[in-house]
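Read through the structure below, which is laid out as structure tokens, and then see the notes.
2 protein chains.
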Amino acid sequence: MVETVSIADIEKAAARLEGVSIRTPLLQNVELDQAVGGKVLIKPECLQVTGSFKIRGAYNRLSQLTDEQASNGVVAWSSGNHAQGVAAAGAMLGIQTTIVMPEDAPRAKLENTKRLGGEVVTYDRYTGDREVIAKQIAAERSAELVPSYDHPHIIAGQGTVGLELAADAIDMGLPPDQVLIPCGGGGLSSGSALALKSRLPNVDIYAVEPEDFDDTARSFAANKRVRIDDTARSICDALQTPMPGELTFEINERLLSGVLTVSDAEVRAAIRFAFKNLKLVVEPGGAVALAAILSGKLETRGLTTAIVLSGGNIDVDLFAEIQAEPN
Amino acid sequence: MVETVSIADIEKAAARLEGVSIRTPLLQNVELDQAVGGKVLIKPECLQVTGSFKIRGAYNRLSQLTDEQASNGVVAWSSGNHAQGVAAAGAMLGIQTTIVMPEDAPRAKLENTKRLGGEVVTYDRYTGDREVIAKQIAAERSAELVPSYDHPHIIAGQGTVGLELAADAIDMGLPPDQVLIPCGGGGLSSGSALALKSRLPNVDIYAVEPEDFDDTARSFAANKRVRIDDTARSICDALQTPMPGELTFEINERLLSGVLTVSDAEVRAAIRFAFKNLKLVVEPGGAVALAAILSGKLETRGLTTAIVLSGGNIDVDLFAEIQAEPN
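Top line first, the protein sequences correspond to chains A and B.
Position one of the first sequence corresponds to residue 1220 (the numbering used here), numbered consecutively onward.
Position one of the second sequence corresponds to residue 1220 (the numbering used here), numbered consecutively onward.
Right, dumping it as structure tokens:
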């Protein structure tokens, strides 16, 4: 029996997040509108506390722990953005946090997680099993696990992105025809889809994945959750989940109009576009929705398209390398 | 007799700019608050149309030309941001624009001005006199000059930055104790000071200049407009004006609490901070107010300080070079 997430859960999460997460603005950019031949609304979660949307779900989960659960601390696994979100939420709530992270995670993500007070345990992304390591630590300490996407509280928290996006777009008199949302495990896309569909029932919502981590696209095609093989590689360190979540997939399958995929080269071009024209620092995983519209993965001409830039935690070396490439 | 600018002029400019300029958001950032020990409100004009606040004044001026003036085109001189603002406003209004720019202006600024339809005439920043060149072209064509700061319509347009800042800060329940504004010729600081003081009479407003282009600071000390010598150099290409404007100085002298200066090294550190923590791309001249609070040029502990990030048009080579430097 799959637990459900309701719009009321997302509204309650929004209330919990007041004064914790930032209500990121909804931006517009002339160059981007010209590039895609339509109007684009940009939700820049790179400007969010900890540099990604992840604080929303993490805080929504941690703030609902019982006192006893809270006193035992929590354990999470994450490539870096959920790590920072959990560490920051733990610091705010006085809950000890331990996060299992790949040893090759971006330096900035590792350092920030530690700076925020998280205890970091590293593993090898391609040979270790982070879930096994995290569960072992949690069992030893009777600590609660904080999954990075497949939990109703996480989904409801990430859904506040869609809630804000819908409200601001309606206020601006620009309800979007379609919304594109980066997708790893599917927490952001499923939560936001619930919120968006409640406010804009006719909106088309697309998840966007890296070409080689197209587990949600393949799962859509197969009508069941599919695991991709472990030789997959992508520049999008934040979106390297091998299989959709159970809860997230059920919601995404029900509400999304489709799944788009983008190549590493398209992501790199999007990061350059964001630097040059948007003046925003966007990380690879955060740039996939922008990459999708810039590379024409769906019709944008004459339409209003909203995109989520889900994070901005990129190491300076990679950023400089990408900016130096020809357009 | 000096023409005055009133708050009504700024409100009218705001009405003209609806649908033209972006109402940039007022952002907050946890790392920045921690770094300065107080609350900081960030007005990111790097997200503005053309990547700086300059579209505001340029459009406000060009939209008030008579039909005859408009038909003869306009001439401006600018290191790059006013150039783009004038070219963009001209394109919107169907007015031919010619802009005299230093040949060593950032490539991005030169290219964007041309892309926006501006005719670019270059000169040597250190030997040529851009004002003489611009006036000669204007005389030949009976074209109107569009000064970059010392004109009531320009000041009123830039003042909309202060108007938005005050309104949003009040809405957020965070009226600032002090506001720091980048200062070249003083158009942005004087216009914004007029608007801010009308909404928040007790606010302290500071102009911020590059150390070597401290003409407004020196003019404050001398109680009259002072010209700095032409050996001055600064990384802030947008703030290299040798002397305050007549109109702008009269307003600034009356309304500002003081003038702060920052070094190139402090500006470079601020650009790194903006990349790493704010996820914003800020150009040197746009980063001086951030540099001032990060380097402790005035008390921020326990206070609410608003800063304007006035532009984000920086070439990728310089940006990468700055990011590669140790903190």
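C-beta atoms are modelled at their ideal positions from N, C-alpha and C, and glycine is treated no differently.
Inset, instruction - Compare the C-alpha of B/L1458 against each of B/T1243, B/L1528, B/A1539 and name the closest. - result: B/L1528
Legend entry - Below-8 Å beta-carbon distance, B/C1265 vs any chain A residue: yes
Legend entry - B/T1379 versus B/R1275: straight-line alpha-carbon distance, rounded: 7 Å
Inset, instruction - Look up A/L1246 in the DSSP assignment and give the residues it is bridged to. - result: A/I1261
Inset, instruction - Identify which residue in A/V1249, A/I1318, A/D1387 has its Cα closest to the Cα of A/Y1342. - result: A/I1318
Inset, instruction - Return yes when the Cβ of B/C1402 is within less than 8 Å of the Cβ of B/V1422, no when it is not. - result: no
Legend entry - For B/Y1425: DSSP bridge partner residues: B/L1399, B/G1477
Inset, instruction - Check whether the Cβ atoms of B/N1447 and B/D1456 lie closer than 8 Å to each other. - result: Just to set this straight, residue 1447 of chain B is Ile in the shown sequence, not Asn. No, they are not a contact pair.
Inset, instruction - Below 6 Å CB to CB, which residues in the same chain sit around A/T1316 once its five sequence neighbours on both sides are set aside? - result: V1293, V1305, A1306, G1309, G1337
Legend entry - Proximal residues of chain A, C-beta to C-beta of B/G1270 below 7 Å: K1498
Inset, instruction - Look up A/D1433 in the DSSP assignment and say whether it is helix, strand or coil. - result: coil
Inset, instruction - Compute the distance between the beta-carbons of A/D1176 and A/G1464, then report whether it is under 8 Å. - result: Because chain A is modelled from 1220 through 1546, residue 1176 of chain A falls outside the range shown and cannot be assessed.
Inset, instruction - Please list the partners that A/A1543 has in chain B, where partner means a Cβ-to-Cβ separation under 9 Å. - result: V1535, D1536, A1539
Inset, instruction - On the DSSP bridge assignment, give the partners of B/S1408 in chain order. - result: Bridge partners of B/S1408: none, in fact.
Legend entry - Candidates B/K1416, B/D1431, B/K1443, B/S1411: closest to B/K1262 by CA position: B/S1411
Inset, instruction - List the residues of chain B that A/G1531 touches, going by C-beta distances under 7 Å, in chain order. - result: K1498
Inset, instruction - Name, please, each residue of chain A whose Cβ falls closer than 9 Å to the Cβ of B/F1492. - result: Residues of chain A passing the Cβ test: none, with the nearest at roughly 12 Å.
Legend entry - Closest residue to B/K1333 among B/P1394, B/Q1303, B/R1242 (Cα-Cα distance): B/Q1303
Inset, instruction - Confirm, please, whether the CB-CB distance from B/T1243 to B/Q1397 is below 8 Å. - result: no
Legend entry - Interfacial residues, the region 1305–1325 of chain B to chain A, with Cβ spacing under 7 Å: none
Legend entry - Beta carbon proximity, A/L1633 to chain B, threshold 8 Å: Here chain A has residues from 1220 to 1546 only, and residue 1633 of chain A is not among them.
Inset, instruction - Run down chain A in chain order and give the residues with a C-beta less than 7 Å from the C-beta of B/Q1247. - result: I1241
Inset, instruction - Reducing DSSP to helix, strand and coil, say where A/M1311 ends up. - result: helix
Inset, instruction - Can you pull the chain A residues whose beta carbon is under 7 Å from the beta carbon of B/P1244, in chain order? - result: P1244
Legend entry - Residue interval of the alpha helix (DSSP H) (run including B/A1295): Premise fails: B/A1295 lies in the beta strand (DSSP E), 1293–1296, not in any alpha helix (DSSP H).
Inset, instruction - Would you decide whether B/Q1267 is buried or exposed? Buried here means 16 or more other CB atoms lie within 10 Å of its CB. - result: buried
Legend entry - Start and end residues, alpha helix (DSSP H) containing A/T1332: 1326–1334
Inset, instruction - Compare the beta carbon distance of B/A1511 and B/L1479 with 8 Å and say whether it is the shorter of the two. - result: yes
Inset, instruction - Look at the alpha carbon of A/G1404 and the alpha carbon of A/N1291, and state the distance between them as a whole number of angstroms. - result: 26 Å
Legend entry - B/A1525, enclosing beta strand (DSSP E) - first and last residue: 1523–1528
Legend entry - Collapsed DSSP secondary structure at A/L1419 in the structure displayed: coil
Inset, instruction - Provide the residue span of the alpha helix (DSSP H) that contains B/P1371, from first to last. - result: 1371–1390
Inset, instruction - Give the C-beta separation of B/V1500 and A/F1494 to the nearest angstrom, bearing in mind that I take them to be a contact with Cβ-Cβ under 8 Å. - result: 6 Å
Inset, instruction - Spell out the partners DSSP gives B/I1318 in its beta bridges. - result: B/A1295, B/V1339
Legend entry - Where A/L1393 sits in the DSSP three-state scheme: coil
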